[in-house]
Amino acid sequence: MPIEMEICIHKAGIQSTIQDLGRYAYLSQGVPIAGAMDSLSARLANIAIGNLEDLATIEFTYAAASFITATDLLIAYSGEGALLITGELELPAYRPLFLPKGTLIKLQNNNHGARTYVAIAGGWDVPTVLASKSTYLTAGFGGYQGRTLIAGDKLKNNKNWSESTLKLFSQLKGTKPKFTKWGILAKSFFPDDKSIRVVPGREFSWFTSDSILYFASSSYKVALNSNRMALNLEGAAIERSKKEELLSTAVTPGTIQVTGNGNLVLLMADCQTTGGYPRIAQVAAIDLPRCAQLKPSDDITFRYISQENAEQLYIEQELEINTLKIAINDKLQ
Amino acid sequence: MGVFKCEPMIDKQQETTSSYSFQTYALGEQAITLEFGNEISEETAEQINSFKELLSENLFPGFKTTVSAYTTLTVFYHLMEVLTSDLVGTTCFEKVSNYLHQLKKSEYQIQHTSKAVVTIPVCYDEKFGIDLREVAQINKLTVNEVIEIHAAARYRVFMIGFTPGFAYLGGMDRRIASPRKSTPRLSLPAGAVGIAGNQTGIYPLKTPGGWQIIGQTPLKMFDIHRDQPSFLNAGDEVMFKPISMAEFNELSCQ
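Just so you know, the protein sequences line up as chains A and B, in that order. Residue numbers for the first sequence, in our numbering: 1 to 333. Residue numbers for the second sequence, in our numbering: 1001 to 1254.
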């Protein structure tokens, strides 16, 4: 039988929000997609415990957060922002974890990335607002009361569990933290390649050839004022050869805009639905999760690929995720 | 908030042609943008709306949603659903692009949908219209003339963007055009009606803003508790109706 699970936030961390895979239904009304910045990690955490991949997760930013289990828990975590530890015990990512009631779980700095996702059996139970459970901070709706989590917040799960989740829970249930011997091999989804693959943007030809060459051959730095709306990038200014004004048009996470003074802005999950800056490139969807894991002052480099190639890479990854889901399901039969 | 750009003047065109065309380009792997032109015009807006309606009656497998803008319509879709559909093309982008071009061919006449005009009550009292005097001064008009001119025009919603429910309105009389404030205000109330350059608009949420504020509407321009949270939609025609402070207070209580 599914059980009610609950955690209490002990330390909130820098920015902790509830996110699912985003809100698409109201784009035409100017409502941003929001959702997990690193949607791949969020999906993998859900898949690891037999959840549907689009259930709500907690997105933690960096470490310095902690929570207490108010009941027994079945969770999985993913992403690059932190390691989960309890006492001296380091908990492995990308695999089902059983935690008994009364355990203090800390997020410990790992210096790798920015964001960590915690999925719970059945998904986190927050109201659905405009067809999604994602928090949209700018307008203050969705997720947990439309805001970042604070100490003392109590979060419960949804008791609508899959067969796989039920089996995992009965396998791992006990009096001590316990995890499966198997886990998802995240490395196969996150290549070591540091460069971010991009497809030329619609206004690609509006820039000087020197600037285009520079864009694809030099390194940029993620600026301190980056957030869920955009990564601002520092580096040599991009120059325009065509000075014409662009009429505002739809943009989407992964769009790289060039501002009036030649700076690059890489739009992320909470970005506006329309924008008026010329677009030099669009990050291939397969590499957007890696952008979500970049921290201020990290380096970022770009490499051009074709639209066909970007589409093919995405399809291959989706097929790989499907295979993974089947494999986990089979393991639990 | 991002930087809000000044848009060029909107030229009203009365005539519409019976044929139109668009170019397509990919916006990432799961969206396609249809470009109907490169200038703001009533005609282009009409074409975008007409095609959007045609599409809504002829959805393809994997269709998610559309976003209208001045000269573009962007169609979002599920890549894997398009991949496994029987749409024709070597890539998913091509499949959707082919489908949309075929769909266009099926319709030779633009359907002129006669839309009702949406009336938005605005209280132009100087308690709300904190920049009315400045706008009047800039344009060598009286405050009353500014209000009359603003409330006399018929506007069209070209697109929604910038923030949830923010309508880009075209059709403002140039006689009340005013540059934005040199220093943006840190907080404007939801419902503030403003002017920036040749455009007018209403702030749907409490946000910082650099527009010249001339009034306040008691309506909620964006409300998550409604089925359609945005009060306005791309394609709507809009008029402003001046109301007194008493009427404003009455409407605010509803």
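Glycine included, every Cβ here is placed at the ideal spot set by N, Cα and C. Predicted model only: the values in this text are computed from it and were never measured.
How far does the beta strand (DSSP E) with residue i in it reach, from first residue to last?
| i | result |
| --- | --- |
| F207 (chain A) | It is not in any beta strand (DSSP E) - F207 (chain A) carries neither H nor E in the DSSP assignment. |
| S219 (chain A) | 219-222 |
| L231 (chain A) | 230-234 |
| F60 (chain A) | 57-61 |
| E1035 (chain B) | 1031-1035 |
| N109 (chain A) | 104-109 |
| L74 (chain A) | 73-79 |
| S66 (chain A) | 65-69 |
| K18 (chain A) | First, the residue type needs correcting, since residue 18 (chain A) is Ile and not Lys in the sequence shown. Segment 17-19, the beta strand (DSSP E) holding I18 (chain A). |
| L97 (chain A) | 97-99 |
| K7 (chain A) | Reading off the sequence, residue 7 (chain A) comes out as Ile, not Lys. It spans 6-12 - the beta strand (DSSP E) in which I7 (chain A) sits, taken as one unbroken run. |
| T301 (chain A) | 299-304 |
On the three-state DSSP scale, how would you describe residue i?
| i | result |
| --- | --- |
| I280 (chain A) | strand |
| P1255 (chain B) | This structure leaves residue 1255 (chain B) out entirely; chain B is present only between 1001 and 1254. |
| L1232 (chain B) | coil |
| S164 (chain A) | helix |
| F1022 (chain B) | coil |
| L89 (chain A) | strand |
| Y117 (chain A) | strand |
| Y214 (chain A) | helix |
| T255 (chain A) | strand |
| A250 (chain A) | strand |
| Q1212 (chain B) | strand |
| A36 (chain A) | coil |
| V198 (chain A) | strand |
| S241 (chain A) | coil |
| E1237 (chain B) | strand |
| A25 (chain A) | coil |
| F1004 (chain B) | The pLDDT assigned to F1004 (chain B) is 36, lower than 50, so where the model puts this residue is not dependable; a value taken from the coordinates is nonetheless given after this. F1004 (chain B): coil per DSSP, three-state reduction. |
| T1044 (chain B) | helix |
| F1222 (chain B) | strand |
| S188 (chain A) | helix |
| S132 (chain A) | strand |
| L1132 (chain B) | helix |
Inspect the beta-carbon positions of residue i and residue j and report whether they are closer than 8 Å.
| i | j | result |
| --- | --- | --- |
| I1048 (chain B) | S1068 (chain B) | yes |
| P1208 (chain B) | P1184 (chain B) | yes |
| I18 (chain A) | Y144 (chain A) | yes |
| P96 (chain A) | A42 (chain A) | no |
| Q15 (chain A) | T57 (chain A) | no |
| V1157 (chain B) | V1238 (chain B) | yes |
| Q55 (chain A) | G123 (chain A) | According to the sequence as given, residue 55 (chain A) is Leu; it is not Gln. Contact flag set, yes. |
| H1150 (chain B) | F1240 (chain B) | yes |
| Y132 (chain A) | D20 (chain A) | A quick correction: the sequence has Ser, not Tyr, at residue 132 (chain A). Yes, they are a contact pair. |
Evaluate residue i with the Cβ neighbour count: other Cβ atoms within 10 Å of its Cβ, from every protein chain shown; 16 or more gives buried, anything less gives exposed.
| i | result |
| --- | --- |
| E311 (chain A) | buried |
| D1086 (chain B) | exposed |
| C1253 (chain B) | exposed |
| M268 (chain A) | buried |
| L224 (chain A) | exposed |
| P127 (chain A) | exposed |
| A65 (chain A) | buried |
| V265 (chain A) | buried |
| E1046 (chain B) | buried |
| W182 (chain A) | exposed |
| T323 (chain A) | exposed |
| D72 (chain A) | buried |
| I326 (chain A) | exposed |
| V1088 (chain B) | exposed |
| L247 (chain A) | buried |
| Q1212 (chain B) | buried |
| P278 (chain A) | buried |
| M1159 (chain B) | buried |
| P200 (chain A) | buried |
| E59 (chain A) | buried |
| V1193 (chain B) | buried |
| I150 (chain A) | exposed |
Is the CB of residue i under 8 Å away from at least one CB in chain C?
| i | result |
| --- | --- |
| M1080 (chain B) | Within the model displayed, chain C is absent; protein chains A and B are what it includes. |
At which residues does the alpha helix (DSSP H) containing residue i begin and terminate?
| i | result |
| --- | --- |
| Y314 (chain A) | 307-331 |
| F1248 (chain B) | 1245-1252 |
| L267 (chain A) | Per DSSP, L267 (chain A) belongs to no alpha helix (DSSP H); it is in the beta strand (DSSP E), 264-267. |
| P289 (chain A) | 288-292 |
| R43 (chain A) | 39-48 |
Using only the heavy atoms of the ligand MG, determine whether one of them is closer than 7 Å to the beta carbon of residue i.
| i | result |
| --- | --- |
| E1035 (chain B) | The ligand MG is not part of this structure, which contains no ligands at all. |
Problem set entry | Start-end ranges of the alpha helix (DSSP H) lying completely within the region 1056-1122 of chain B, minimum 4 residues | Taking 4 residues as the minimum length, the alpha helix (DSSP H) runs contained wholly in the region 1056-1122 of chain B are 1079-1083, 1092-1105, in order along the chain.
Exercise. Which parts of the region 1138-1196 of chain B are runs of the alpha helix (DSSP H), unbroken and 4 residues or longer, counting only runs that do not cross its ends?
Worked result: DSSP runs (the alpha helix (DSSP H)) wholly in the region 1138-1196 of chain B: 1143-1152.
Problem set entry | Uninterrupted beta strand (DSSP E) stretches inside the region 135-185 of chain A (no shorter than 3 residues) | Here the runs fully enclosed are 154-156.
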